[in-house]
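Asker:
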Amino acid sequence: MDYTGNLPCDIADEVELLGIRVVRNTGTQLHCKCPFCDDRKAHLNINLGKNVFRCNRCGKGGGVLHLYAEANGISLNAAYEELCNIYRHGEHRPERSIQKKVIKQKAQKPQLDLAPASVRDNTYSNLLSMLSLGTAHREAMLNRGVSGEDIIKLGYKTTPAVRAPKIVTELLERGCELGGVPGFYIDEETGKWKMDIRGSGIMIPDRNSKGQIEAIQIRLDKVFKSKFNTFTSVDQYYGATASCCPHFVGVSDDVDSVYLTEGVMKADLAHYFSSLLGHPSAFVGLTGVSNFNQFRRSLEELRAFGIETIQVAFDMDMAVNDNVRKAREKVLQVGCEEGFEMIPRRWSPNYKGVDDLLLSFVERKKITDSIFGKL
Ligand SMILES: [Zn+2]
C-alpha cells in the first residue's frame, strides 16, 4: 500500500499525540528524547519538512506511519487505520503506554545463551579461515612492527562485507553451529542466519588458556568512542551477547611467570616482540583493566598451569589516568591475596604500552645488529 501524500497527519502531530518530549525546536527540526531507548539526551531527530524521524542512539527511524507503529507495537496498516480514525474521524487514541510497550517488545526479542567455548572456537576458527587480511590492514600491521610472514601467524583478518551471505552459507555447510555464537543472528523476515558486522576493521581472535577462540575483537577502522569492538549480535533476533576471555599467548606448563597487560592485540604484539628479542615471554591480555571477573578467571587458569608470578605491565598512562591507576592497585592487591607474587612493572612513559616498549628494544637491536653484526 502506498500512503504517500495521503497521510491523515504530520509527524509533528504525532509527537504531540504520543507525548514525545521535545528538548529543542529549530523550526525545521525537533530534537527529542527517544522513547524507544534509554536516551537521556535528545538523540531522536524529527525532520518536520520531510516528515521523518531517526534516533542517532538506537537507530530507529522512518516516516509518519513507522513512528506510530513502532510506538504502539502495531503494523503499518494498523497504524494508518488508527491515525485516520484519530485525525479524520475524531476518535481517541487507544490507551497504550509507549515506553512499556516498547521495553516489553525489546525484551521479547529472543536471545540465545552463549554457546560453549568449544562451539564458538569451531565456528570462529572456520570463519577466520575463510577470510583474508586486506592490504590496508596488512600495511597497518607492518607499521606496528610485525614482519610479513609473522602477520599471517597472528591469524588476524579483515571484516567481511556487511551480512556476507556466502560466508554464512559456507559455515552452515561445514556443519558449524551459529546459535549462541556472538556475531550471528536470524533475520526476522527470511528466517535465515546472518552475520552482524557493526563496523569494519581487523578481526583479532581472543584465545583462552586452552587456545580456543572464545570471542573476536575488532580493531575498528573508524574510531568512535572506543578503538575496539567485540564481534556481537546482542539485541538482534536470536542473537547472543559477546563474552571476551583473558587472552593467553605463550602460556604453557614450562612457564613460571606471565606478564599481565590490557588488550588482546597488545598481548599478541608484546609476545611477538619478546620472541624477536630472544626472550619469548608469556602474556595474558585482559580486555579492559577494570574487568575484574576476567582477572579472577585468569588467576584460576594460571594456578592450573602452576604459574605463581605475575608481572603487571599495564599501560603507563596510569600516571595521568586515575581509573587505570586504581584498577592496577586493585589487581596487585587481589593477586597478592590469592597467593600470587605480583610484580609491578614500570618504564619510561614515552612508551605507553608494554608492546611499544618492546618494539623500541627491537628497533634498537636492529641498529646494534647492523653495526656490530649478529652474535
Ligand atoms: Zn533511540
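If you read the sequence shown in this note's numbering, its first letter stands for residue 7, the second for the next number, and so on. Glycine included, every Cβ here is placed at the ideal spot set by N, Cα and C.
Roughly how many angstroms separate the alpha carbons of LEU363 and ARG46, rounded to a whole number?
Answerer: The residue you call residue 363 lines up with position 357 of the sequence shown. The residue you call residue 46 lines up with position 40 of the sequence shown. Distance between the alpha carbons of LEU363 and ARG46 is about 41 Å.
Asker: Identify whether GLU344 lies in helix, strand or coil by the three-state DSSP scheme.
Answerer: Walking along the sequence shown from the start, residue 344 turns up at place 338. In the structure shown, GLU344 sits in coil (DSSP, three-state: anything other than H, G, I, E or B).
Asker: By alpha-carbon positions, which one of GLY96, ASP260, VAL270 and PHE367 ends up nearest to GLU220?
Answerer: In the sequence shown, the residue the question calls residue 220 occupies position 214. Ranking the options by Cα distance to GLU220, first place goes to VAL270.
Asker: Please work out which residues of its chain come closer than 7 Å, Cβ to Cβ, to MET136, disregarding the five sequence neighbours upstream and downstream, and give them in chain order.
Answerer: To locate residue 136, count along the sequence shown from 1; it is residue 130. Around MET136: ILE173 and GLU176.
Asker: Let me check you understand the geometry: is the CB of LEU36 closer than 8 Å to at least one non-hydrogen atom of ligand 1?
Answerer: If you number the sequence shown from 1, residue 36 lands on position 30. LEU36 Cβ: outside cutoff for every heavy atom of ligand 1.
Asker: Could you spell out the range, first to last residue, of the beta strand (DSSP E) harbouring ASP394?
Answerer: Here the chain covers residues 7 to 381 and nothing more, so residue 394 does not appear.
Asker: Would you decide whether ASP212 is buried or exposed? Buried here means 16 or more other CB atoms lie within 10 Å of its CB.
Answerer: Here the question's residue 212 lines up with position 206 in the sequence shown. So ASP212 ends up on the buried side.
Asker: Rounded to a whole number of angstroms, what is the C-alpha to C-alpha distance between ILE210 and ARG225?
Answerer: On the sequence shown, position 204 is the one that residue 210 refers to. On the sequence shown, position 219 is the one that residue 225 refers to. Spanning the two alpha carbons is a distance of roughly 7 Å.
Asker: Can you list, in chain order, every residue whose CB sits closer than 7 Å to a heavy atom of ligand 1?
Answerer: CYS40, PHE42, CYS43, ASP45, HIS49, LEU50, CYS61, ARG63, CYS64 and LYS66
Asker: Pick helix, strand or coil for SER232, following the three-state DSSP scheme.
Answerer: Mapped onto the sequence shown, residue 232 falls at position 226. In this structure, SER232 counts as strand in the three-state DSSP scheme.
Asker: What residues match up with ASN91 in a beta bridge as DSSP calls it?
Answerer: To locate residue 91, count along the sequence shown from 1; it is residue 85. Paired residue(s): none; ASN91 is not in a bridge.
Asker: Cα-Cα, which of GLU268, SER263, ASN12 and GLU183 is closest to ASN132?
Answerer: By one-based count along the sequence shown, residue 132 stands at place 126. The option with the nearest alpha carbon to ASN132 is GLU183.
Asker: Do you know offhand how far GLN111's Cα is from GLY79's?
Answerer: Numbered from its first residue, the sequence shown carries residue 111 at position 105. Numbered from its first residue, the sequence shown carries residue 79 at position 73. Summary for GLN111: the model assigns pLDDT 46, below 50, so the residue's position carries little reliability, and this model does not support an answer.
Asker: What did DSSP end up calling VAL108 once you bin it into helix, strand or coil?
Answerer: As a working note, residue 108 is residue 102 in the sequence shown. Confidence in VAL108 is poor, its pLDDT being 46 and thus under 50, which makes the residue's placement unreliable; the coordinate value appears in the next sentence. It is helical.
Asker: Exposed or buried, what is ILE222 when buried is set at 16 or more other beta-carbons lying within 10 Å of its beta-carbon?
Answerer: For the purposes of this step, residue 222 is identified with residue 216 of the sequence shown, where counting begins at 1. By the Cβ-count criterion, ILE222 is buried, with 16 or more other Cβ atoms from all chains shown falling within 10 Å of its own Cβ.
Asker: Can you list, in chain order, the stretches of the alpha helix (DSSP H) that have 4 or more residues and sit fully within the region 159-211?
Answerer: Those alpha helix (DSSP H) runs which fall completely within the region 159-211 and span 4+ residues are 171-179.
Asker: Under three-state DSSP, which class holds GLN300?
Answerer: By one-based count along the sequence shown, residue 300 stands at place 294. Helix, per DSSP.
Asker: Could you give the distance in angstroms between the alpha-carbon of THR164 and the alpha-carbon of ARG204?
Answerer: The residue labelled residue 164 in the question sits at position 158 within the sequence shown. The residue labelled residue 204 in the question sits at position 198 within the sequence shown. The alpha-carbon atoms of THR164 and ARG204 are separated by roughly 13 Å.
Asker: With a threshold of 16 other CB atoms inside 10 Å of the CB of LYS106, please say whether the residue is buried or exposed.
Answerer: Within the sequence shown, the letter at position 100 stands for residue 106. Residue placement at LYS106 is flagged as unreliable, the pLDDT there being 43, under the threshold of 50; the coordinate-derived value follows with that caveat. Looking at its Cβ environment, which holds fewer than 16 other Cβ atoms inside 10 Å, LYS106 is exposed.
Asker: Who pairs with TYR265 in a beta bridge, going by DSSP?
Answerer: On the sequence shown, residue 265 is found 259 positions in, with the first residue counted as 1. Answer is PHE289 and GLN317, bridged to TYR265.
Asker: Taking the straight line between their C-alpha atoms, what separation do you get for CYS15 and VAL125?
Answerer: Residue mapping note: residue 15 aligns to position 9 of the sequence shown, counting from 1. Residue mapping note: residue 125 aligns to position 119 of the sequence shown, counting from 1. Going by C-alpha positions, CYS15 is about 51 Å away from VAL125.
Asker: For VAL270, which three-state DSSP category applies?
Answerer: Taking the sequence shown and counting its residues from 1, the one referred to as residue 270 is at position 264. Three-state DSSP puts VAL270 in a helix.
Asker: Would you say SER206 lies against chain D (beta-carbon separation less than 9 Å)?
Answerer: Included in the structure is just one protein chain, with no chain D present.
Asker: Once the 5 residues before and after GLY341 are set aside, which same chain residues still bring their CB inside 6 Å of it?
Answerer: The residue labelled residue 341 in the question sits at position 335 within the sequence shown. These residues qualify, in order along the chain: ILE316 and MET348.
Asker: CB ARG63 to CB LEU50, shorter than 9 Å?
Answerer: Translated into positions along the sequence shown, residue 63 becomes position 57. Translated into positions along the sequence shown, residue 50 becomes position 44. Cβ atoms of ARG63 and LEU50: closer than 9 Å.
Asker: Under 9 Å between the Cβ atoms of LYS216 and ALA273?
Answerer: By 1-based counting over the sequence shown, the position of residue 216 is 210. By 1-based counting over the sequence shown, the position of residue 273 is 267. Contact: no.
Asker: Between MET201 and GLY186, is the Cβ-Cβ spacing less than 9 Å?
Answerer: Start at 1 with the first residue of the sequence shown, and residue 201 comes out as number 195. Start at 1 with the first residue of the sequence shown, and residue 186 comes out as number 180. Going by C-beta atoms, MET201 is not nearer than 9 Å to GLY186.
Asker: Only counting the same chain, and skipping five residues up and downstream in sequence, which positions put a Cβ closer than 6 Å to that of ASP127?
Answerer: Translated into positions along the sequence shown, residue 127 becomes position 121. Cβ within range, chain order: GLN218 and ILE219.
Asker: Contact defined as beta carbons within less than 8 Å: I believe VAL28 pairs with CYS38. What is the distance between those atoms, to the nearest angstrom?
Answerer: Against the sequence shown, residue 28 aligns to sequence position 22. Against the sequence shown, residue 38 aligns to sequence position 32. The pair is a contact, with the Cβ atoms about 5 Å apart (cut-off 8 Å).
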